[in-house]
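Undergrad: In this note's numbering, the protein residues as written are 2 to 91.
Glycine residues also receive a C-beta, built at the ideal position from the N, C-alpha and C atoms.
In this text, all values refer to a predicted model and were calculated from it rather than measured experimentally.
One structure coming up, written as structure tokens, with questions to follow.
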């Protein structure tokens, strides 16, 4: 792992970000600890609240209701699964 002080890293931050994004271990010394710099996938855990105003319990109920509606619609032949083929558009 390449370990840098904040001062060392600041001058070439773009370079170190690129190295970390490519999989190299890069760390910064901060208050006596090494803080790793690495890519992460960001997932908004409160997306439903922000987008639709739904609390977690309301979102769970909506998922259940929508799942049941989809299952019923599939049984009736009202919807079919999209497979990515050209025949899906007929």
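If we ignore side chains and look at the alpha-carbon of each, how far apart do residue 38 and residue 87 end up?
TA: 44 Å
Undergrad: How would you call residue 24, buried or exposed, if buried means at least 16 neighbouring beta carbons within 10 angstroms?
TA: exposed
Undergrad: Note down the Cα distance separating residue 36 from residue 19, rounded to an integer number of angstroms.
TA: 17 Å
Undergrad: Looking only at DSSP bridge pairs, what is residue 29 linked to?
TA: 5, 36
Undergrad: So, helix, strand or coil for residue 67, using DSSP?
TA: helix
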